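All residue numbers for the sequence shown refer to our numbering, where the first residue is 3 and numbers rise by one.
All residues carry an ideal CB built from backbone N, CA and C; glycine is no exception.
Note that the structure is predicted; figures quoted are calculated from it, not measured.
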Amino acid sequence: MKKSGQAFATFPKDFVWGVSTSSFQIEGATQEDGRGPSIWDTLAARQGGIANGDRGDPACDHYHRWPDDIALMRWLGLDAYRFSIAWPRLLPRGRGAPNPAGIAFYDRLIDGLLEAGIEPWACLYHWDLPQGLQDLGGWPHRDSAGWFADYAALCAKCFGDRVKRFATMNEFSVFTFFAYALGWGAPNISNQAEHLKAIHHTNLAHGAAVDALRALVPDAAIGAIHSVQPARPQSQAAEDVEAAALFDEVWNKGFPDAQLLAHYPPRIARLIEPYVRAGDMARIARPLDWFGLNHYSPMYVRAEPGGMRWGFEWGALPESLPKTDIGWPIDPDAFRQTLLDLTARYRLPIYVTENGYGVGSGEGADDPRRVDYLAAYVRAMRQAKRQGADVRGYFVWSLLDNFEWGAGYGTRFGLVHVDFKTQKRTPKKSAHWYRALIKAQ
Ligand code: FCB
């Protein structure tokens, strides 16, 4: 590890420093105070659904320990905290009568953040769809746009007096792809027609939610959060190059192009046409205030007939690239380039809403490789900014070690170590590093 104290990149005073989490990954208390089941509870209850049979309880027990977690954020010196609201806590079946105890939880959290001088950034959907809505057809059902807009309106009415930063959803491409192409994320249905419908309807849901938020919280800054990772072919063979171009549309462009440029990229456009009705693209492309970028590493793909329902598979990673403990390529320059590309393509202020380093097992509070990764990525962000990228803020994924989806509690991304048996929190070396970085600004 470099003497990080001297090596800090500096940013303007109004640059926003934060951390991100999501409801299902940290809250626990899945059956408390009237919360309904989500599709991830259903998947976790299934044999083999999640590694080690892990479930959404206890996670970080944040539902009860949120005051401790705000104290950690305050110690870190954060400007902002990005969390997600659990739809099944507010509306246990997804629609119908709201659950006052669920609303009260977020009231407490938001008030606590404001008291601590930390700005709440609320994301309305980070993958925990109420099971009741899945039972009605979930995202492939066109009515899902209306369900989501009603839920967004409820969030706006309950929290819009205090929350002024809203994101509609987190990583549309990832949760639809995991579920409907790969079949290993909830709700676990591998089918391309369902995937295409889910893509279009989550886009429609986004647009409808933006309208609801805008009408009810006129002074809110509204955005959406996308996973953008450069898609690279495994080789220069024509079929691999084409596979990477298709993957790029499915993973990176299918959502932001629709939402910000009012059209689908060409390969998706041809396939999705049967599900698009007159006026839909205008319903999707509502004006937005910012672009949320989740970035970790470039992705390599190769052509494979029938692979992942789309005709591609994960490709071999170049030997020369260093990798994280969980095998993700480390390539800060790809981050720099992504920030420049997104600035040119969508012309919105960018907030990096996720970036972080995952470890597969056995990590304690001594995490020098995470420090090196974060320092290199922050430096690349600084360089991108100098070169003209309109990047305004940075949120580390994540505050705490947490429930890492299919990998359960085995994979750790936290700045703060969590002992899941005792719930003891211990700031890692990276937390100390981040705190010093923020202080040095
Ligand atoms: C992102 C997710 C987030 C977390 C990180 C590691 O794709 O948005 O919930 O799992 O990856």
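Figure out for me which residue from Met-171, Ala-442, Pro-220, Phe-107 has the closest Cα to the Cα of Thr-32.
Within the sequence shown, numbered from 1, the residue matching residue 32 stands at position 30. Looking at the Cα atoms, Phe-107 is the closest of the given residues.
Quick check: the stretch 186 to 198 against the stretch 145 to 165, are at least 3 beta-carbon pairs closer than 8 Å?
Contact between the stretch 145 to 165 and the stretch 186 to 198 is absent, because fewer than three Cβ pairs lie under 8 Å.
If you reduce the DSSP assignment to three classes, tell me which class Lys-5 lands in.
Within the sequence shown, the letter at position 3 stands for residue 5. Confidence at Lys-5 is low in this model, with a pLDDT of 45, below 50, so its placement is unreliable and no value can be given for it.
How would you write the range of the alpha helix (DSSP H) that Ser-299 sits in, first residue to last?
In the sequence shown, the residue the question calls residue 299 occupies position 297. Premise fails: Ser-299 is in no alpha helix (DSSP H) and is neither H nor E.
Please tell me whether, using a cut-off of 7 Å, the distance from the CB of Asn-254 to the nearest non-hydrogen atom of ligand 1 is below it.
Start at 1 with the first residue of the sequence shown, and residue 254 comes out as number 252. The answer is no for Asn-254.
Write down every uninterrupted run of the alpha helix (DSSP H) in the stretch 98 to 173 whose length is 4 residues or greater and which is fully enclosed by it, in chain order.
Whole alpha helix (DSSP H) segments, 4+ residues: 102 to 117, 133 to 137, 146 to 161.
When you measure from the CB of Gly-360 to every non-hydrogen atom of ligand 1, does any distance come out below 7 Å?
In the sequence shown, the residue the question calls residue 360 occupies position 358. Result yes, Cβ under 7 Å from ligand 1.
What separation, rounded to the nearest whole angstrom, lies between the Cα atoms of Thr-413 and Cys-125?
Translated into positions along the sequence shown, residue 413 becomes position 411. Translated into positions along the sequence shown, residue 125 becomes position 123. Going by the C-alpha atoms only, they are around 23 Å apart.
Does DSSP put Asp-56 in a helix, in a strand, or in coil?
As a working note, residue 56 is residue 54 in the sequence shown. DSSP places Asp-56 in coil when its eight states are reduced to three.
With distances taken Cα to Cα, identify the nearest neighbour of Ala-151 among Ala-169, Val-165, Val-243.
Residue numbering aside, residue 151 sits at position 149 when the sequence shown is read from its first letter. With distances taken between Cα atoms, Ala-151 lies closest to Ala-169.
Would you identify the three-state DSSP class for Gly-36, choosing helix, strand or coil?
One-based indexing of the sequence shown puts residue 36 at position 34. Coil at Gly-36, not helix or strand.
Anyone know if the C-beta pair for Ala-53 and Phe-405 falls short of 8 Å?
As a position in the sequence shown, residue 53 is number 51, starting the count at 1. As a position in the sequence shown, residue 405 is number 403, starting the count at 1. No, these two residues do not count as a Cβ contact at 8 Å.
How is Tyr-65 classed by DSSP in three states: helix, strand or coil?
By one-based count along the sequence shown, residue 65 stands at place 63. Here Tyr-65 sits in helix by DSSP.
How about Gly-306: is its Cβ closer than 7 Å to a heavy atom in ligand 1?
What you label residue 306 is simply residue 304 of the sequence shown in a count that begins at 1. According to the sequence as given, residue 306 is Glu; it is not Gly. The answer is no for Glu-306.
Of all the options Met-171, Val-176, Asp-70, which has the alpha carbon lying nearest to the alpha carbon of Leu-215?
Here residue 215 refers to the residue found at position 213 of the sequence shown. The candidate whose alpha carbon is nearest that of Leu-215 is Met-171.
Sorted by chain position, which residues of the same chain lie with C-beta nearer than 6 Å to Trp-68's C-beta, five sequence neighbours on each side aside?
Position 66 of the sequence shown, counted from the first residue, corresponds to residue 68. Here the set comprises Leu-111.
Terminal residues of the continuous alpha helix (DSSP H) containing Ser-432?
Start at 1 with the first residue of the sequence shown, and residue 432 comes out as number 430. It spans 431 to 441 - the alpha helix (DSSP H) in which Ser-432 sits, taken as one unbroken run.
I'd like the span of the beta strand (DSSP E) that includes Trp-253, first residue to last.
Here residue 253 refers to the residue found at position 251 when the sequence shown is read from its first residue. Premise fails: Trp-253 is in no beta strand (DSSP E) and is neither H nor E.
According to the Cβ coordinates, are Trp-129 and Trp-253 closer than 8 Å?
Position 127 of the sequence shown holds residue 129. Position 251 of the sequence shown holds residue 253. In this structure, Trp-253 does not lie closer than 8 Å to Trp-129 by Cβ.
Could you check whether the stretch 211 to 225 touches the stretch 282 to 301, counting it as contact only if at least three pairs of C-beta atoms, one from each stretch, sit closer than 8 Å?
Touching, yes.
In whole angstroms, what separates the C-alpha of Gln-8 from that of Ala-442?
Counting from 1 along the sequence shown, the entry for residue 8 is found at position 6. Counting from 1 along the sequence shown, the entry for residue 442 is found at position 440. Caution is warranted here: a pLDDT of 48 is assigned to Gln-8, below 50, making its placement in the model unreliable, and the coordinate value is therefore given only provisionally. Their backbone Cα atoms lie some 9 Å apart in a straight line.
Tell me whether Pro-268 is buried or exposed, calling it buried when 16 or more other Cβ atoms sit within 10 Å of its Cβ.
The residue given as residue 268 occupies position 266 in the sequence shown. Result: exposed.
Would you kindly report the start and end of the unbroken alpha helix (DSSP H) that includes Val-373?
To locate residue 373, count along the sequence shown from 1; it is residue 371. Unbroken alpha helix (DSSP H) run through Val-373: 370 to 388.
I'd like the ranges of any beta strand (DSSP E) spanning at least 3 consecutive residues and lying wholly in the stretch 177 to 260.
Counting whole runs of 3 or more residues, the stretch 177 to 260 contains the beta strand (DSSP E) stretches 223 to 229, 233 to 235.
I'd like the span of the alpha helix (DSSP H) that includes Ile-274, first residue to last.
On the sequence shown, position 272 is the one that residue 274 refers to. Its alpha helix (DSSP H) spans residues 268 to 274.
Should Ser-322 go down as buried or exposed, given a rule of 16 or more other Cβ atoms within 10 Å for buried?
As a working mapping, residue 322 is identified with position 320 in the sequence shown. With fewer than 16 other Cβ atoms within 10 Å, it is exposed.
Give the range of the alpha helix (DSSP H) segment to which Tyr-277 is assigned.
Reading the sequence shown from its first residue, position 275 is the one you call residue 277. Careful: Tyr-277 lies outside any alpha helix (DSSP H) and carries neither H nor E.
Cβ of Trp-407 within 7 Å of any heavy atom in ligand 1?
Indexing the sequence shown from 1 puts residue 407 at position 405. Flag set: Cβ of Trp-407 near ligand 1.
Sorted by chain position, which residues of the same chain lie with C-beta nearer than 6 Å to Lys-4's C-beta, five sequence neighbours on each side aside?
Start at 1 with the first residue of the sequence shown, and residue 4 comes out as number 2. A caution first: Lys-4 carries a pLDDT of 46, below 50, which makes its placement in the model unreliable, though a value can still be read off. So no residue of the chain qualifies.
For the beta strand (DSSP E) containing Ile-352, name the first residue and the last one.
The residue given as residue 352 occupies position 350 in the sequence shown. 352 to 356 is the extent of the beta strand (DSSP E) around Ile-352.
Relative to the C-alpha of Ala-271, which residue among His-202, Thr-44, Glu-173, Phe-26 is closest?
In the sequence shown, the residue the question calls residue 271 occupies position 269. When each option's Cα is compared against that of Ala-271, the closest is His-202.
Whose C-alpha, out of Trp-312, Asp-242, Ala-264, is nearest the C-alpha of Ala-318?
As a position in the sequence shown, residue 318 is number 316, starting the count at 1. Nearest option by C-alpha distance: Asp-242.
Nearest to Leu-295 by CA position, among Asp-282, Lys-325, Gln-339, Met-310, is which residue?
Indexing the sequence shown from 1 puts residue 295 at position 293. Checking every option, the nearest Cα to that of Leu-295 belongs to Gln-339.
Using a Cβ-Cβ cut-off of 7 Å (strictly less than) and excluding sequence neighbours within five positions of Leu-115, which residues of its own chain qualify?
Residue mapping note: residue 115 aligns to position 113 of the sequence shown, counting from 1. Once the five neighbours on either side are set aside, the close Cβ partners of Leu-115 are Ile-72, Tyr-83, Pro-122.
Do Glu-173 and ligand 1 come close, with the Cβ less than 7 Å from some heavy atom?
Position 171 of the sequence shown, counted from the start, is the residue given in the question as residue 173. Yes; taking the cut-off as 7 Å, the Cβ of Glu-173 has a heavy atom of ligand 1 nearer than that.
Which two residues bound the contiguous beta strand (DSSP E) that contains Arg-338?
For the purposes of this step, residue 338 is identified with residue 336 of the sequence shown, where counting begins at 1. Where Arg-338 is concerned, there is no enclosing beta strand (DSSP E), although the alpha helix (DSSP H) it sits in stretches over 334 to 348.
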